[in-house]
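J.:
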Amino acid sequence: MMTKEQYIESLRKLNLNLYMFGKKVEDPVDNPVIRPSLNSFAATYELAEDPQYEDLMVATSHLTGKKVNRFTHMHQSTDDLIKKVKMQRLLGQKTAACFQRCVGMDAMNAVFSSTYETDEACGTKYHENFLKFLQRVQDEDLAVDGAMTDVKGDRSLSPSQQADPDLFVHVVERTADGVYVTGAKAHQTGFVNSHEVLVMPTISMREGDEDYAISFAVPTDSKGITLIYGRQSCDTRKLEEYNDIDVGNKVYGGHEVLVIFDRVFVPNDRIFLNGEVKFAGMIVERFAGYHRQSYGGCKVGVGDVLIGATALAGDMAGSAKASHVKDKLIEMVHLNETLYCCGIACSSQGTKTKAGNYLIDLLLANVCKQNVTRFPYEIARLAQDLAGGLMVTQPSEADYRNPELKPYIEKYLKGVASVPTEDRMRVLRLIENMTMGTAAVGYLPESMHGAGSPQAQRIMISRQANMEMKKDLARKIARIG
Amino acid sequence: MLRAAIKFCGGCNPRYDRGARYADFQQRLAPSVTFELPREGVHYDFLLIITGCHACHYEYEEIEAERRFYCTAYEDFEPIIREIEQLIHLREETDK
């Protein structure tokens, strides 16, 4: 496995075509806006080196029998699925941000089983291709971005019906050696910190969409890939002279990018689906299921930090013993642990796929994510309630560092006498960061839309609900027919 | 001298600082016990498993050891120390 330092050095060798604020980024690794997201990703390597976390962070490869980072592992049991959720909670706790590596793990587990079943039905060789890719990822401990969400254009039209054919990633040319693809993937979490991108279709496909039913993996710095970095609220605070207190979370963060594929070449042995429209939906459903499970771990860990920060804010203001404060903190814990329950439940009810890896219970995973679209918002609302207005009205760090102003700020922003005013400012900025600053991107809208927007889960819940059985139950009890 | 292996749970939601507790064990039991990370093929006098809560149910059967001690809470420290001190005493008697 790679150490944290080896991982960071490996990123320096990538030649990404990345733009931010209108300019090419020559050195993403040391860019102050990007670096916190790299640090979060690097934590997935750092914790795997620590014996205190090895039990969650490290697994044994079913391909080679060697120790591998769990983020590159194919789940071999329901116990592996549970450990995955626990690992994600741990990393959320350590970073208070999106650590970005889950999407690749979820994509690999989905493509592992779907290629097997595609081959079985169609006589293709995609699983063999994928195993070669997977073994390299495991052996070299590579970071993989899982790219699903196309930009999608007119939502009422299928990929092949769009006015612009490039609004879904698709094959534009086929040669004896491979294919050329064009299109764009939106909201790509962690792409800048990844060595490889694993591309999947974004929706179920039908006849006529063959060129869009494409799954493959290529290096993130492949010729023809252009990246445009996503803005986050308060992002330029990281560029200010005083950029410690005001950023809220100095070390860790997350990022998303828009990824443009302009005639990117994919060699044959890196293709995992190519025109078999029937199996596009299988990849989508399984990836979405795994990723909806993931949110029952990562957001819970981030929630742990937010709850802790809110409790600290109460301690520092002298309000910790007020009954409504205690009750609101209990409510925050209750909501957070409910999400964890969902993550553990869908894992414990997982089943073995034909390929041999384990898939979560899809109904419970979708229920998990549906709750994640709501509870973090309520937790954040309660955090803002208890933090008080000072969270957003306190002076800047530059004012605090001004010798003329500092005594005033020290004096008038003081809460409990024994608590340094600076500590109070730091905790309030952390709450601001997580509920409306850069980290809110990961904790709130990502909870809403990541792994699919709420309606996507409701469709899946409807499909999995087993409604006829429920009607039968009612008929029997009511003595009907 | 006893040879011991140390194993931690994953640490997803620990109720106490497991690393600090491990340091306490090392300090209290030195120089009679040496701890190391488990290695395949090595038979240990005992395995100390430090878990952050009561949820960890793993036996770590792949690690060979005469005895297993589970520290699942901060307060487990003293009772475990007493048992290990008995082991140390027995070993010293045997070695005489």
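Quick mapping for you: the protein sequence lines, in order, are chains A and S.
Residues 234 to 714 in my numbering are what the first sequence spells out, letter by letter.
Residues 10 to 105 in my numbering are what the second sequence spells out, letter by letter.
Note that beta-carbon positions come from the ideal geometry of N, C-alpha and C, so glycine has one too.
All of these numbers come straight from a predicted model, not from anything done at the bench.
Is the segment 528-540 of chain A close to the segment 321-341 of chain A, with three or more CB pairs under 8 Å?
T.: Using a Cβ-Cβ distance cut-off of 8 Å, the segment 528-540 of chain A and the segment 321-341 of chain A are in contact, since at least three pairs of beta carbons, one from each stretch, lie closer than that value.
J.: Please report how far the alpha carbon of ASP656/A lies from the alpha carbon of ASN599/A, in whole angstroms.
T.: 40 Å
J.: What does the Cβ neighbour count give for MET10/S, buried or exposed, with the cut at 16 atoms within 10 Å?
T.: exposed
J.: Whose C-beta lies closer than 7 Å to the C-beta of ASP618/A among residues of the same chain, with five residues either side of it excluded?
T.: LYS561
J.: Might you give, ordered along the chain, the residues of its own chain that have their beta carbon closer than 6 Å to the beta carbon of GLU84/S, omitting 5 neighbours on each side?
T.: So the list is empty, once near-sequence residues are dropped.
J.: Where does MET253/A sit, in a helix, a strand or coil, going by DSSP?
T.: strand
J.: Could you check whether the Cβ of ASP284/A sits closer than 8 Å to any Cβ belonging to chain S?
T.: The amino acid occupying residue 284/A in the given sequence is Pro; Asp does not appear at that position. Output row for PRO284/A: interface = yes.
J.: Within the chosen definition, does the segment 429-438 of chain A reach the segment 462-479 of chain A through at least 3 CB pairs nearer than 8 Å?
T.: no
J.: Identify which residue in SER273/A, TYR610/A and ILE504/A has its Cα closest to the Cα of ARG407/A.
T.: ILE504/A
J.: For the segment 351-423 of chain A, list the beta strand (DSSP E) runs that are entirely contained and at least 3 residues long, ordered along the chain.
T.: 377-380, 403-407 and 411-422
J.: Does DSSP put SER448/A in a helix, a strand or coil?
T.: strand
J.: Does LEU323/A have its Cβ less than 8 Å from a Cβ in chain S?
T.: yes
J.: Touch check for the segment 505-518 of chain A and the segment 303-313 of chain A: three-plus C-beta pairs under 8 Å?
T.: Between the segment 505-518 of chain A and the segment 303-313 of chain A, the count of Cβ pairs shorter than 8 Å is below three; the stretches do not touch.
J.: Residues in the segment 286-314 of chain A with C-beta within 8 Å of chain S's C-beta atoms, listed in sequence order?
T.: For the segment 286-314 of chain A, the residues whose beta carbon sits under 8 Å from a beta carbon of chain S are, in order, TYR286, GLU287, ASP288, LEU289 and MET290.
J.: Using a C-beta to C-beta distance shorter than 7 Å, which residues of chain A count as neighbours of CYS18/S?
T.: ASP288
J.: So what's LYS483/A in DSSP terms, helix, strand or just coil?
T.: coil
J.: Please tell me whether CYS21/S has its Cβ less than 8 Å away from any Cβ of chain A.
T.: yes
J.: How would you write the range of the beta strand (DSSP E) that GLU611/A sits in, first residue to last?
T.: Looking at the DSSP string, GLU611/A is not in any beta strand (DSSP E); the run it does join, the alpha helix (DSSP H), is 608-620.
J.: Rank THR81/S, PRO47/S, ALA13/S and ALA74/S by C-alpha distance to the C-alpha of LEU38/S and give the top, closest one.
T.: ALA13/S
J.: What number of angstroms, rounded off, separates the C-alpha of ARG303/A from the C-alpha of ALA343/A?
T.: 15 Å
J.: Considering Cα atoms alone, identify which of ASP104/S, THR103/S and GLY61/S is closest to CYS80/S.
T.: GLY61/S
J.: To the nearest angstrom, how far is the alpha carbon of ASP352/A from that of ILE461/A?
T.: 36 Å
J.: For the beta strand (DSSP E) holding ALA74/S, just list the boundary residues, first then last.
T.: 73-80
J.: By a C-beta neighbour count over all protein chains shown, 10 Å radius and 16 as the cutoff for buried, is ILE577/A buried or exposed?
T.: Flag for ILE577/A reads buried.
J.: Kindly list the residues whose CB is nearer than 8 Å to the CB of ARG30/S, restricted to its own chain and excluding five residues on each side of it in sequence; keep chain order.
T.: ILE59, CYS80, TYR83 and PHE86, listed in sequence order.
J.: Would you please verify whether the beta carbon of GLY50/S is less than 8 Å from any beta carbon of chain A?
T.: no
J.: At 4 residues or longer, what runs of the alpha helix (DSSP H) sit wholly inside the segment 546-617 of chain A?
T.: 556-581 and 595-605
J.: Would the segment 38-47 of chain S count as touching the segment 690-708 of chain A if we require 3 or more Cβ pairs under 8 Å?
T.: no
J.: Which residue wins for smallest C-alpha separation from TYR67/S, given the options VAL291/A, ASP312/A, GLU282/A and ASP283/A?
T.: ASP312/A
J.: For LYS561/A, decide whether its Cβ has a neighbour in chain S, counting only Cβ atoms nearer than 8 Å.
T.: Taking Cβ atoms only, chain S never reaches closer than 8 Å to LYS561/A, which makes this a no.
J.: Excluding five sequence neighbours on each side, which residues of the same chain lie with their C-beta closer than 8 Å to the C-beta of ILE612/A?
T.: GLY536, LEU539, ILE540, MET565, LEU568 and ASN569
J.: Please tell me whether MET549/A and VAL649/A are closer than 8 Å, where the distance is taken between their beta carbons.
T.: Their beta carbons are under 8 Å apart, which means MET549/A touches VAL649/A by this criterion.
J.: Is there a C-beta anywhere in chain S that falls below 8 Å from the one on LYS532/A?
T.: no
J.: At a CB-CB cut-off below 9 Å, which residues of chain A make contact with LEU46/S?
T.: PRO284 and GLU287
J.: Would you verify that the beta carbon of LYS319/A is, or is not, closer than 8 Å to some beta carbon of chain S?
T.: yes
J.: For a test of the three-state rule: what should DSSP assign to ALA478/A, helix, strand or coil?
T.: First, the amino acid is wrong: residue 478/A is Ile here, not Ala. Coil.
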